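Colleague: Taken in order, these protein sequences are the chains called A and B.
For what it's worth, this note's numbering labels the leading residue of the first sequence as 1, then goes sequentially.
For what it's worth, this note's numbering labels the leading residue of the second sequence as 1001, then goes sequentially.
Number of protein chains: 2
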Amino acid sequence: MQRILSRAVPAQVGREVMIAGWIHRRRLLKSVAFLIVRDATGLTQVVVTDPDLRATLEKLPEESVVEVRGTVVANETAPAGVELTDPSVNVLSEAEPPPFDLYRPTLAATLPTLLDHAAVSLRHPQRQRAFRLGAAAVAGFRSTLDQAGFVEVFTPKLVASATESGANVFAIDYFGRPAYLAQSPQFYKQTMVGVFERVYEVGPVFRAEPHDTVRHLAQYTSLDVELGFIRDHHDVMAVLRDTLAGMLAAVSSVSDLALPVVPAEIPAIHFADALALVGAPADEPDLAPAHERALGEWAQTEHGSDFLYVTGYPMSKRPFYVYPDPARPEYSNSFDLLFRGTELVTGGQRLHRYADYVAALAARGESVEPYQSYVEVFRHGMPPHGGFAIGLERFLMRLLEVSNVREVTLFPRDLTRLTP
Amino acid sequence: MQRILSRAVPAQVGREVMIAGWIHRRRLLKSVAFLIVRDATGLTQVVVTDPDLRATLEKLPEESVVEVRGTVVANETAPAGVELTDPSVNVLSEAEPPPFDLYRPTLAATLPTLLDHAAVSLRHPQRQRAFRLGAAAVAGFRSTLDQAGFVEVFTPKLVASATESGANVFAIDYFGRPAYLAQSPQFYKQTMVGVFERVYEVGPVFRAEPHDTVRHLAQYTSLDVELGFIRDHHDVMAVLRDTLAGMLAAVSSVSDLALPVVPAEIPAIHFADALALVGAPADEPDLAPAHERALGEWAQTEHGSDFLYVTGYPMSKRPFYVYPDPARPEYSNSFDLLFRGTELVTGGQRLHRYADYVAALAARGESVEPYQSYVEVFRHGMPPHGGFAIGLERFLMRLLEVSNVREVTLFPRDLTRLTP
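(1) Express the C-alpha separation of B:Leu-1092 and A:Val-501 in angstroms, rounding to a whole number.
(2) Can you pull the chain A residues whose beta carbon is under 8 angstroms from the beta carbon of B:Glu-941, in chain order?
(3) For A:Thr-144, count neighbouring C-beta atoms within 10 Å of its own C-beta (all shown protein chains included) and say buried if the count is 16 or more, exposed if not.
(4) Could you check where the beta strand (DSSP E) with A:Glu-83 kicks off and where it finishes?
(5) Return the residue from the list B:Ala-1208, B:Gly-1347, B:Ala-1258 and B:Val-1138 that minimises the CA-CA distance to A:Phe-451.
(6) Determine the extent of the alpha helix (DSSP H) in which A:Gln-45 is found, giving its start and end residues.
(7) Who are the near neighbours of A:Gly-81 in its chain, counting only those whose CB is closer than 8 angstroms to its CB and skipping five residues on each side?
(8) What would DSSP say about B:Phe-1187, mapped onto helix, strand or coil?
(9) Quick one: what does DSSP say B:Met-1315 is sitting in, helix, strand or coil?
(10) Just how far apart, CA to CA, sit A:Phe-34 and A:Arg-25?
(11) B:Leu-1158 touches chain A at which residues, Cβ-Cβ below 7 angstroms?
(12) Counting only Cβ pairs nearer than 9 angstroms, list the residues of chain A close to B:Asp-1325.
(13) By the DSSP assignment, the alpha helix (DSSP H) with B:Pro-1051 in it spans what residues?
(14) So is A:Phe-395 in contact with chain B if we call contact Cβ pairs under 7 angstroms?
(15) Please report the straight-line C-alpha distance between B:Ser-1184 and B:Ser-1222, rounded to a whole angstrom.
(16) Roughly how many angstroms lie between the CA atoms of B:Thr-1342 and B:Arg-1293, to the nearest whole one?
(17) B:Ala-1135 CB to nearest chain A CB: under 7 angstroms?
(18) Quick check on the burial criterion: 16 or more other C-beta atoms within 10 angstroms. Buried or exposed for A:Leu-28?
(19) Does any CB atom of chain B fall closer than 7 angstroms to the CB of A:Pro-204?
(20) Helix, strand or coil for A:Glu-76, going by three-state DSSP, please let me know.
(21) May I ask you to report which of helix, strand or coil DSSP gives A:Met-192?
(22) Interface residues of chain B around A:Ser-332 at Cβ under 7 angstroms?
(23) Restricting to runs no shorter than 4 residues, where is the alpha helix (DSSP H) found entirely within the region 344 to 398 of chain A?
(24) Applying the criterion that 16 or more other CB atoms from any shown protein chain within 10 Å of the CB defines a buried residue, is A:Met-315 buried or exposed?
(25) Between B:Ile-1266 and A:Phe-170, is the Cβ-Cβ spacing less than 7 angstroms?
(26) From the DSSP output, read off the bridge partner residues of B:Val-1017.
(27) Taking C-beta pairs closer than 9 angstroms, name the residues in chain A that B:Glu-1369 reaches, listed in chain order.
(28) Have a look at A:Val-322 and B:Leu-1102 and give me their C-alpha separation to the nearest angstrom.
(29) If we define contact as Cβ-Cβ less than 7 angstroms, is B:Glu-1201 a contact residue for chain A?
(30) Within 10 angstroms of its Cβ, does B:Ala-1119 collect 16 or more other Cβ (buried), or is it exposed?
(31) List, in chain order, every chain A residue whose beta-carbon is nearer than 7 angstroms to that of B:His-1380.
(32) Note down the Cα distance separating A:Asp-414 from B:Pro-1384, rounded to an integer number of angstroms.
(33) Can you tell me whether B:Asn-1090 is buried or exposed, with buried defined as 16 or more other CB within 10 angstroms of its CB?
(34) Check A:Ala-118 in the structure and name its three-state DSSP category.
(35) Please list, in chain order, the residues of the region 225 to 255 of chain A that have any C-beta partner in chain B closer than 9 angstroms.
(36) Is the Cβ of B:Ser-1373 closer than 7 angstroms to any Cβ of chain A?
So this is what it looks like as structure tokens:
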């Protein structure tokens, strides 16, 4: 007999079926026992009256894997409106008693305990949900960009020199010589603009983050985008707007979560105007968290938008590859996207001429040498280009309003955690 | 004026347009000069008669990036049947002369030279093609599995112990203690079967491969699949069949390459029968390349198929997590998929009970200890399951019939190569 999924059971009233899954819960009442079987599509209630089977179930811990044959009977009081009666049970795999109850609405354990037992805690419907949403968000990211003519690329995670910042990089023994784990695909995606004009990559990036915070991971999933032949960063902002809308549309198709609405045009404010708006001194080089919150409230009140672009951050606060504003070179052609008053995505236009890279590095007192194999491409003709990167886990953290990024990471890696 | 793409030019005869791209080729004849401009969608010919512009072009090397405005005129002898006349040219980025000519049908340089200058060589239409096919193949992989109820996952690449084999693993300094780069997501994808039943991952895997061969890379892209509630490896083989068909269908949508046909049911032969068929001794533990070639010819002659499953490889030749054939425990519930007589994909059923893992490791003289955090999940109820992994670059290598895997890898990493 072919197994059917839980979600298909209600359509089979009156028939004999076979389901398979995990024992989500046993309820051993005086006259009857209920077995709740969980599979990837939901729960099915099984009614046990046979004393021998009841005796077996009494010794079979939750999370054991079973096949159950039985007759589907309508019962309004059962979870899905149906239950299986006259069951026979085949045990596929007997479990040890789980470290915490998966059938409770929320898991009664601390986050470290849940992470230590990720193989079990991830099975909880609430924890599963975050990762189904994540998969949908990534699918929406890709489909939006595929339709806009972007090509997916896969670039090296083993690199010869640290790029984003000298610190926070993992060193590796590469056949007897030093190498590093890529902190971002920044230069590779730029290089690939020279090939395909528009590219994206979904992949792991690595940061040897020495601080133990609720927002930092040693490995996270970066959704990287880069596009050529832009006029300036506003073309990048338009692509980010569409990409976010596509990600949220995909999430809404698998979830009834109340999702933010991405406006057709996300309001934007220049950094200098933002400082004035929040009453900060005009020579502040960056926005403080309180400033960002105030801007978020302003976007909500003034534009009815959860999203706000802040453009033109001072050059001094941005990486060396950022493109200056031709009209006001102390400001950059870059942006942050704020979501409800906190930064969600950073991006901008990049330098595209070799001489500009040499000058930018010199201005920061850095030598070109460690960057030579990366900046080489700019000797060979590159169009004006720019891009952005979305950290998948932080995106999910904001969407689900959880307080620790580890809650939306399958097997987080941090200062102290390297297993499971 | 808004830029239009090369492929849109033929529809604009009689109108003034702006194109933008790389100078693919300059042809400076006596009375006229031709500029061939390349963008992501193709080539456009520009006719230059103005002596001042000609003088500019004489000093502007190939691969410089330009915007060109001109009037579209039909000309049967031009590459796309049209050309731009009365052009004005705006130089976006001046290039140095490229290290080799990109306008020739094939690149006249050795593979090491092409790889050293990947940023330029990848722009060649023939080299671009491999990576467009690769992106399409991965899209087909995902869409096939999405439709079959699989969930995409992102798992750690930093792990506490080597898993697939003790050797060939990259060591890393993880906040002062040792860690390793994951050689595969094997145990994570198995663990996630306990959560979603069916999962896939597309991501980098790392092998400290000490041999310099045409098939080995230190990093490659692994397309990993795992599914639960299988009867045996034949259920995995059916999913692989559909996945390959989906990948090839996606490739055919972006290419006119002559592609192999995946039969509705791929023929299968047991390892023991395969040995007999090729006349090898019955106690051979593995198939030699000549045996595989003979089997490939047999599949072609007997079944008209480019693909052949060889099932039931001896346990001794498979990793410790492979599931034995219950009827003949010296053989395994595993398979290789041969494509035209060479292995393309390996997969099979895995052990799903904790006690079986302990016994399998003991039988190989290995301790459970280094695997503890991985095999822990099997204490907590796992269904019968199995899966497979497709190496993207080797898949492309076979599809495009190239002799070196580096030709189908954007920025290959190997024993000697860590840049660009």
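Even glycine gets a Cβ: it sits at the ideal position worked out from N, Cα and C.
Please read all numbers here as calculations on a predicted model, not as lab measurements.
Modeller: According to the structure data:
(1) With chain A running from 1 to 420 in the structure shown, residue 501 of chain A is simply not present.
(2) Chain B is shown from 1001 up to 1420; residue 941 of chain B falls before or after that span and cannot be answered.
(3) When all chains shown are included, A:Thr-144 counts as buried.
(4) 82 to 93 is the extent of the beta strand (DSSP E) around A:Glu-83.
(5) It is not possible to answer for residue 451 of chain A, since the shown part of chain A is limited to 1 through 420.
(6) Per DSSP, A:Gln-45 belongs to no alpha helix (DSSP H); it is in the beta strand (DSSP E), 42 to 48.
(7) Pro-10, Ala-74 and Asn-75, listed in sequence order.
(8) Reduced to three states, the DSSP call for B:Phe-1187 is helix.
(9) Of the three classes helix, strand and coil, the one that applies to B:Met-1315 here is helix, per DSSP.
(10) Those two C-alpha atoms are separated by around 8 angstroms.
(11) What B:Leu-1158 touches in chain A: Ala-218, Gln-219, Arg-413 and Leu-418.
(12) Ordered by position in chain A, no residue passes the 9 angstroms Cβ test against B:Asp-1325, which lies about 18 angstroms from the chain.
(13) Element bounds for B:Pro-1051: 1051 to 1058.
(14) For A:Phe-395, the answer is no, since every Cβ of chain B falls outside 7 angstroms of its Cβ.
(15) If you take the alpha carbons of B:Ser-1184 and B:Ser-1222, they lie about 8 angstroms apart.
(16) Rounded to the nearest angstrom, the two C-alpha atoms are 7 angstroms apart.
(17) When Cβ-Cβ separations below 7 angstroms define contact, B:Ala-1135 makes contact with chain A.
(18) By the C-beta density criterion, A:Leu-28 is exposed, having fewer than 16 other C-beta atoms within 10 angstroms.
(19) Yes, because at least one Cβ of chain B sits closer than 7 angstroms to the Cβ of A:Pro-204.
(20) Reduced to three states, the DSSP call for A:Glu-76 is coil.
(21) A:Met-192 sits in a helix when the DSSP states are folded into three classes.
(22) Neighbours of A:Ser-332 in chain B, taken as residues at a C-beta separation under 7 angstroms, are lacking, since the least C-beta distance is about 19 angstroms.
(23) The alpha helix (DSSP H) runs lying completely inside the region 344 to 398 of chain A and spanning 4 residues or more are 354 to 363 and 372 to 375, given in chain order.
(24) The residue in question, A:Met-315, is buried, as its Cβ has 16 or more Cβ neighbours within 10 Å.
(25) Between B:Ile-1266 and A:Phe-170, the C-beta gap is not smaller than 7 angstroms, which leaves the two residues out of contact.
(26) According to the DSSP secondary-structure assignment, B:Val-1017 is paired through a beta bridge with B:Gly-1070.
(27) Within chain A, no residue comes near B:Glu-1369; the closest Cβ sits about 13 angstroms away, beyond 9 angstroms.
(28) Separation of A:Val-322 and B:Leu-1102 (C-alpha to C-alpha, rounded to the nearest whole angstrom) is 29 angstroms.
(29) B:Glu-1201 does not count as touching chain A.
(30) Around the beta carbon of B:Ala-1119, a 10 Å sphere encloses 16 or more other beta carbons of the protein chains shown; the residue is thus reported as buried.
(31) Here the neighbours are Glu-63, Ala-95, Glu-96, Pro-98, Ala-119 and Val-120.
(32) The straight-line gap from Cα to Cα measures roughly 32 angstroms.
(33) So B:Asn-1090 ends up on the exposed side.
(34) Helix.
(35) So the list reads Gly-228 and Phe-229, given in the order they occur along the chain.
(36) Answer yes: the Cβ-Cβ gap between B:Ser-1373 and chain A drops below 7 angstroms somewhere.
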